[in-house]
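Scroll down for the structure; my scribbles are underneath it.
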Amino acid sequence: MSAKTFSNIKLGLFVLAGLAFLILLLYMIGRNRSLFGSTFEAKAHFLNVQGLVPGNNVRYAGIQVGTIDKINILDDGRIEVSFLIENKMKGYIRKNAGVHIATDGLMGNKVLEITPAAGEAPLIEAGDILENRSSVNMDEMINTLSGTNNDLAVIAAELKSTMTRINSSTALWELLNDSSLSRNISASFANLRSATARANSMVDEFGGLVANVKKGEGSLGALLTDTSLAGNLNQAVLQIRTVADEADTLAKTLSAIAGDLRQDISHGNGAVHALLKDPAIVQSLHTSLDNIQKSTQNFNEVMEGMKHSSLVRRYFRKLEKEQAKKKEAPENPSR
Amino acid sequence: MLRSQNWKQFLEETGALSRFTSRLFSQWFRPQYEISEFLRQCFVIGYKSLPLVMLTAFIMGLVLTMQIRPFLVDYGVESQLPAMVGIAIVREIGPVITALIFAGKIGSSIGAELGSMKVTEQIDAMEVSGTNPFKYLVVTRVLAATFTLPLLVMLADAVALYGTYLGVNIRSTTSFGLFWTQVFGSLSFGDVLPAFVKSFFFGFAVGIVGCYKGYHSKKGTEGVGRSANSAVVLSSILIFIIDLIAVQITDVLGLN
Chain C
116 MSAKTFSNIK LGLFVLAGLA FLILLLYMIG RNRSLFGSTF EAKAHFLNVQ
166 GLVPGNNVRY AGIQVGTIDK INILDDGRIE VSFLIENKMK GYIRKNAGVH
216 IATDGLMGNK VLEITPAAGE APLIEAGDIL ENRSSVNMDE MINTLSGTNN
266 DLAVIAAELK STMTRINSST ALWELLNDSS LSRNISASFA NLRSATARAN
316 SMVDEFGGLV ANVKKGEGSL GALLTDTSLA GNLNQAVLQI RTVADEADTL
366 AKTLSAIAGD LRQDISHGNG AVHALLKDPA IVQSLHTSLD NIQKSTQNFN
416 EVMEGMKHSS LVRRYFRKLE KEQAKKKEAP ENPSR
Chain P
1105 MLRSQNWKQF LEETGALSRF TSRLFSQWFR PQYEISEFLR QCFVIGYKSL
1155 PLVMLTAFIM GLVLTMQIRP FLVDYGVESQ LPAMVGIAIV REIGPVITAL
1205 IFAGKIGSSI GAELGSMKVT EQIDAMEVSG TNPFKYLVVT RVLAATFTLP
1255 LLVMLADAVA LYGTYLGVNI RSTTSFGLFW TQVFGSLSFG DVLPAFVKSF
1305 FFGFAVGIVG CYKGYHSKKG TEGVGRSANS AVVLSSILIF IIDLIAVQIT
1355 DVLGLN
């Protein structure tokens, strides 16, 4: 009905372009997911796959080599992860390679990382089970970190209270503000240094002394090093013992004498006994003392009388004058 | 529908649209295929929309990149910019923006074209002359819209990603290879296929609403304008409703 007002070429171009981009998009995604090209399957066993899902990437030493295919739980509770690896990697991956689950970046997708191990081993084959070498996972790390964080909080709180106390302490601030403190401290250190120096020289001298003593110089050296000293000492000790023996006999003799004396005194032989034991003697002594007292009184009177007699009065005056002079002299020593 | 004053009118409209759709399906597979008319419609609907769709897609890619960039810089994940914008474009921006532009251009043109044919009684004349007007006019247009929109979406994705590449390069530098790897590294089939499938439904919705509104246009010049207008409005709303349903379905299927 209507004329052909369109170009089939343009329409074809449009359709092909649209389809081409769709196919390209699907192919690129498919290639990323290892859906095209030949692959082989390998397995690994885990206790915890940490959120790994089919479709996650598999890397060998950091290179994208495949994707996770299936995740199955085994009868013993372990989890079997099957993954597809590109065939071209067959020549590089060995049977002793280990696998672990890693994270792409800090918060990214999970990836299965195959790490080569040292040592000789045959190349990998389809269906091989690779060894699980899981290391720390993110959750454990964060758990540890949170524990550390708690400790840090406690430490910070205590530090804070310590700092508050330090800040509120006036004594400490006075000490810190005291400008003379540093001078005192440096003076103390100077003293300390000289004391140490002295102690050093003292130690040196002592060392010399000890050396001398060792060499046998000086009296102490002689004392310590002289071998004849011991003999002399021995002799002295022997003599001391003889003296002690003699003193013993002396004491015995003295004791005998004392016994004789006591005998004499108690049995009335000799003057001592009379003196100590005879009451008549005491009486006569008494009277004698009375007589002596009276005689002294009389003598005093006589002397007083003599003072007033003209014959000796001059002598007494002279005596009085000398006594007065002696009293004055110490009062004015400068005169 | 939007102009419906009450529920009765709304239900009537929905019922009529449903009947129109079922009539379309019953005619779809009957012989007497209008291949050349279908291709002509593909050219008119698809190829002629290409410049408009590409321009909007390019601008969307560029603008989206520049808008998201400061936010990612704040979080220190600027390197994820291609991946993020790539996913946004392939999953949502590409299909929906393209479908909306498509509804604006094609929905109104189909509505106006069929409306004026209806008003000038060309459709009745066609029937008299022995051509099945429904098959010739409606089926070809709906099919053309249904099959060209996904292609337009794909091309729009490509152009929008190029716009993104330029947008990334405005503020920082990335090689095309790295950009390519990052975008396709983050995409999966679950991103591309639901978007591709839902764009068929978008195209179908635009085609069927435009044809329905034109086919049932009221008499007079005013009726043609009204049918063109309501075709655009209704198809735009349907695009969003289909998008809502599609996201639920992909979510249930685990493709998100």
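Going down the list, the protein sequences come from chains C and P.
Per the working numbering, the very first residue in the first sequence carries number 116; after that it's consecutive.
Per the working numbering, the very first residue in the second sequence carries number 1105; after that it's consecutive.
Don't be surprised by glycine CBs; every beta carbon is placed ideally from N, CA and C.
Rounded to the nearest whole angstrom, the CA to CA distance from residue 157(C) to residue 1258(P) is 36 Å. With contacts defined as CB atoms closer than 8 Å, residue 155(C) and residue 247(C) fail to qualify as a contacting pair.
In the DSSP annotation of this structure, residue 1291(P) is not part of any beta strand (DSSP E), being labelled neither H nor E. In summary, no residue of the region 1200–1228 of chain P has a CB separated from any CB of chain C by less than 9 Å. Across the structure, residue 1317(P) and residue 1215(P) are spaced so that their CA atoms are roughly 6 Å apart. Under the Cβ criterion (8 Å, minimum of three pairs), the region 1255–1273 of chain P counts as touching the region 1152–1170 of chain P. One Cα belongs to residue 168(C), the other to residue 206(C), and the distance between them is close to 27 Å. If you check the CB distance, residue 1359(P) and residue 1294(P) come in under 8 Å. Membership of residue 353(C) in the alpha helix (DSSP H) is indicated by the continuous run 343–381. Put simply, the CB of residue 199(C) is far from chain P, with every gap to its CB atoms at 8 Å or more. Residue 1162(P) is classed as buried because its beta carbon has at least 16 other beta carbons within 10 Å across all chains shown. For the pair residue 254(C) and residue 201(C), the Cα-to-Cα distance works out to about 31 Å.
Sequence-distant partners of residue 297(C) (beyond 5 residues in either direction) whose C-beta falls short of 6 Å from its own C-beta are missing from its chain. Residue range 1139–1149 is occupied by the alpha helix (DSSP H) that includes residue 1144(P). Under the Cβ criterion of 8 Å, residue 168(C) is not counted among the residues facing chain P. Per DSSP, residue 199(C) is one residue of the beta strand (DSSP E) stretching across 194–201. For residue 1188(P), no Cβ of chain C is located within less than 8 Å of the residue's own Cβ. Note: residue 173(C) is bridge-paired with 181(C), 227(C) in the DSSP secondary-structure output. Closest option to residue 199(C), judged by alpha-carbon separation, among 393(C), 159(C), 275(C), 324(C): 159(C).
Taking C-beta separations shorter than 8 Å and ignoring five residues to either side along the sequence, residue 321(C) has no partners in its chain. Taken through DSSP and simplified to helix, strand or coil, residue 1320(P) comes out as coil. Within chain C, the residues whose beta carbon sits less than 7 Å from that of residue 1262(P) are 136, listed in sequence order. For residue 400(C), the enclosing alpha helix (DSSP H) covers residues 394–423. From the beta-carbon of residue 1146(P), the residues of chain C found nearer than 9 Å are 121, 126, 129, 130. With fewer than 16 neighbouring CB atoms inside 10 Å of its own CB, residue 411(C) falls in the exposed class.
A distance of 8 Å or more separates the beta carbons of residue 1247(P) and residue 1193(P). Within chain P, no residue has its beta carbon less than 9 Å from that of residue 202(C); the closest one is some 21 Å off. Neighbourhood of residue 1291(P) in chain C, by CB distance below 7 Å: 144, in chain order.
The three-state secondary structure of residue 312(C), taken from DSSP, is helix. For residue 1234(P), there is no enclosing alpha helix (DSSP H), as DSSP marks it with neither H nor E. Under the 8 Å criterion on CB atoms, residue 1319(P) is classed as non-interfacial with respect to chain C. A direct Cα-to-Cα measurement between residue 132(C) and residue 1255(P) gives close to 8 Å. The beta carbon of residue 171(C) does not come within 8 Å of any beta carbon belonging to chain P, so the residue lies off that interface. Considering only 1287(P), 1334(P), 1177(P), the residue with the shortest C-alpha distance to residue 1275(P) is 1177(P). By the criterion of a C-beta distance shorter than 6 Å, residue 229(C) is surrounded in its chain by 175, 212, 214, once the five residues flanking it on both sides are discounted. In the DSSP annotation of this structure, the continuous segment of the beta strand (DSSP E) that includes residue 161(C) starts and ends at 154–161.
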